[in-house]
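Accompanying notes for the structure given below.
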Amino acid sequence: MGYKRNPKVYHLKFEGEYDGLEVRVRSLSMGQLIAARTDNDDGGRDGTEAMVELLAERLVDWNLEDEDGAPVPPTLDAIKGEDHDMIMAIITQWTNAVAGVPAPLEQPSPAGETSPVASIPTEALSPSLAS
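And the structure:
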């Protein structure tokens, strides 16, 4: 009996400018990752075009809606029709997830103690006396 792999699906949740956007996208194979990084070396597609096409290929779903509230299909044509900044934010978060870049902590770490520097009272020093 061998090992049967289960391809990973990343659930990307956005805050800030794209607060509420959720995207589910499959991981990249090594071949796809290599191709995306080297596509502009052969005079063909540039790296952005390659990554947009990979995103379209690997995109499972998203909760994106148009101005009328209708769902935007997770297709290459739909991706190409969206705002550059938003698509690049998706690609960045996706590639960070694939690369294993940890997400920021949800809350400050409770470990450690409060710094004593903040609690040391300070007062003006007395003027030095000339000798």
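Quick note: the sequence shown uses the working numbering, first residue 1384, plus one each step. For glycine and all other residues, C-beta sits at the position ideal for the given N, C-alpha and C.
Item                                                                                                     : Value
Euclidean distance between Cα positions of Asp-1402 and Leu-1395                                         : 11 Å
Arg-1441: first and last residue of the uninterrupted alpha helix (DSSP H) it sits in                    : 1430-1441
Length at least 4, wholly inside the segment 1385-1423: the alpha helix (DSSP H) runs in chain order     : 1413-1421
Cβ-based neighbour list, Arg-1441, same chain, cut-off 6 Å, excluding 5 preceding and 5 following        : Val-1408 and Arg-1409
Selected residue, minimal CA-CA separation from Asp-1466, among Thr-1478, Val-1435 and Trp-1477          : Val-1435
C-beta neighbour in chain D for Ala-1472, strict 7 Å                                                     : The chain inventory of the structure shown lacks chain D, comprising one protein chain alone.
Rounded straight-line distance, which links the Cα of Val-1455 to that of Ala-1461                       : 7 Å
Cβ neighbours of Trp-1445 in the same chain (closer than 6 Å, five flanking residues each side left out) : Val-1406 and Pro-1457
Alpha carbon of Val-1481 to alpha carbon of Gln-1415, nearest angstrom                                   : 12 Å
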